[in-house]
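One structure is given below, encoded as structure tokens.
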Amino acid sequence: MTIKAGHGIGLLLTFVLIALILLVVLPLGGGWLYALLVNTIVGFIVIFLVNAIFGLGIKYDLLVLIFVAVFGLLAVAVLIILNLLGVNWAYNPNSGKRQEKE
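So the sequence shown is numbered by the numbering used here: it starts at 295 and just counts up by one.
Have a look at this one:
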């Protein structure tokens, strides 16, 4: 099994590291912020594992990472369903350019 890594892996690891630092710095008294951080970390881990194990090809761009950071596991479920339905939201810089005939 080969895991394809690009620039998105570094961005994903940065978000996970920031979330883990906040988790350690914040008091462990429970509360909604603690639950959101745990949901975010679990969401990042699950999207990485699902993408690596099943090879779905979900790209780790900024939009996907913010979506998972805010909504956690719910965002992962929505992204997997959209990917299975064939929805591709990745930016293609050549999509708006006209092809010139030679």
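Yeah, the Cβ is synthetic: ideal placement off N, Cα and C, and Gly gets one too.
Exercise. How is the alpha helix (DSSP H) around Y235 delimited, first residue to last?
Worked result: Residue coverage of the chain in this structure runs from 295 to 396, which leaves residue 235 outside it and unanswerable.
For this session: Please list, in chain order, all residues of the same chain as L314 whose beta carbon is under 8 Å from its beta carbon, the five residues on each side excluded.
Result: By the criterion of a C-beta distance shorter than 8 Å, L314 is surrounded in its chain by I335, once the five residues flanking it on both sides are discounted.
Problem set entry | Same chain only: Cβ atoms within 6 Å of V310, ignoring 5 sequence neighbours per side | Sequence-distant Cβ neighbours of V310 in its own chain, meaning closer than 6 Å and more than five residues away, are F338.
Exercise. Hey, V340 and L367: beta-carbon distance below 8 Å or not?
Worked result: yes
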